[in-house]
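Peer 1:
Numbering (this note's numbering), first residue to last: 1279 to 1414.
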């Protein structure tokens, strides 16, 4: 690993360790969407193996998001579960047909969820900072 790659990896590790749970969810969505963009590029270039590999990375992230849902939090987790199931089905179909439009559809859905989580994480961070200021 060269120095630039090692520095980047150390920075990312520190960023993850310092992140709040909400920020971690946003990072996961960002990672999944990055892999989906790479997969679309690979499909468009006719690189089926690279498309498969990048789809697998994105699927693992979506599966992780699905696996960490807390069903004691009302009906939202069930709704998210259904979205994740749909996303995984679409990505499986995209792999078989090498159809980048299915991947782009999933990326769009994850982008909408990412924005919602980003707003929630920002609100939680602001509330936590307000509490910290009150205790100073």
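We treat Cβ as the ideally placed atom computed from N, Cα and C, and that holds for glycine. Small disclaimer: the values here were computed from a predicted structure and weren't measured.
#1: Have a look at residue 1368 and residue 1312 and give me their C-alpha separation to the nearest angstrom.
#2: In chain order, what residues of the same chain have a beta carbon less than 8 angstroms from the beta carbon of residue 1405, not counting five sequence neighbours either side?
#3: So, for residue 1271: in the same chain, excluding its five sequence neighbours on each side, which residues have a beta-carbon less than 8 angstroms away from its beta-carbon?
#4: Suppose the cutoff is 8 angstroms on Cβ atoms and the five residues either side in sequence are ignored; what does the same chain contact list for residue 1395 look like?
#5: May I ask which residues mark the beginning and end of the alpha helix (DSSP H) holding residue 1372?
#6: Looking only at C-alpha atoms, which of 1390, 1387 and 1379 sits nearest to residue 1318?
#7: Three-state secondary structure (DSSP) at residue 1325?
#8: Buried or exposed: where does residue 1298 fall if 16 or more other Cβ atoms within 10 Å of its Cβ makes it buried?
#9: In the structure shown, what three-state DSSP assignment does residue 1298 receive?
#10: With H, G and I counted as helix, E and B as strand and the rest as coil, what does DSSP make of residue 1306?
#11: Among residues of its own chain, excluding the 5 on either side of residue 1340, which ones have a beta-carbon nearer than 7 angstroms to its beta-carbon?
#12: Check whether the Cβ atoms of residue 1314 and residue 1336 sit closer than 7 angstroms, and answer yes or no.
#13: Assign residue 1347 to one of three DSSP states: helix, strand, or coil.
Peer 2: On the basis of the coordinates in this document:
#1: Residue 1368 and residue 1312 have their alpha carbons spaced roughly 17 angstroms apart.
#2: The answer is none, since no qualifying residue turns up.
#3: Nothing can be reported for residue 1271, as the shown portion of the chain is limited to 1279 through 1414.
#4: Spatial neighbours of residue 1395 in its own chain (CB-CB distance under 8 angstroms, excluding positions within 5 residues in sequence) are listed in chain order as 1300, 1303, 1304 and 1307.
#5: Counting along the chain, the alpha helix (DSSP H) containing residue 1372 begins and ends at 1354-1375.
#6: Nearest of 1390, 1387 and 1379 to residue 1318, Cα basis: 1379.
#7: Under the three-state reduction of DSSP, residue 1325 is assigned to coil, being neither helix nor strand.
#8: Counting Cβ neighbours within 10 Å, residue 1298 comes out exposed, since fewer than 16 surround it.
#9: Here residue 1298 sits in coil by DSSP.
#10: In the structure shown, residue 1306 falls within a helical segment according to DSSP collapsed to helix, strand and coil.
#11: Excluding residues within five positions, the ones whose Cβ falls inside 7 angstroms are 1310, 1362, 1365 and 1366.
#12: With respect to residue 1336, residue 1314 sits close: the two C-beta atoms are nearer than 7 angstroms.
#13: DSSP, reduced to helix, strand and coil, places residue 1347 outside both helices and strands of the structure shown, so it counts as coil.
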